[in-house]
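Plus 5 on top of the position in the sequence shown (first one is 1) and you've got the working numbering.
A short worksheet on the structure shown next.
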Amino acid sequence: MRRTYDLPVNPTERTGQLISLAELMRDVLENNSDSRDKYLVALVGLFDISIRDLHCLLEGNQLPEVAV
């Protein structure tokens, strides 16, 4: 069974957010701070969630039902 979610997000705006996130990841990567790796791990996690959200949005806002 699939559930439908109402996501009031414009795909064009979402794509712009992903580009900004990728640019931020590049900036952090070029930095040599002690916490760089921690920031990158967090940013990659955000990127993963965001790209999955965009994929679902483009697929008609349908997400598979998850067993709890």
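For each residue, glycine too, the CB sits at the ideal point set by N, CA and C.
These figures come from a predicted structure and were not determined experimentally.
How close, in whole Å, do the beta carbons of residue i and residue j come, if the pair is a contact with beta carbons under 8 Å?
{"i": "Leu63", "j": "Pro16", "result": "6 Å"}
{"i": "Leu59", "j": "Leu23", "result": "7 Å"}
When DSSP labels each residue in this structure, what does residue i get in the three-state scheme?
{"i": "Asp39", "result": "coil"}
{"i": "Glu28", "result": "helix"}
Measure the alpha-carbon distance for residue i versus residue j and round it to whole angstroms.
{"i": "Glu28", "j": "Cys61", "result": "23 Å"}
{"i": "Arg57", "j": "Lys43", "result": "22 Å"}
{"i": "Phe52", "j": "Thr20", "result": "11 Å"}
{"i": "Asp32", "j": "Gly50", "result": "16 Å"}
{"i": "Asn36", "j": "Gly65", "result": "38 Å"}
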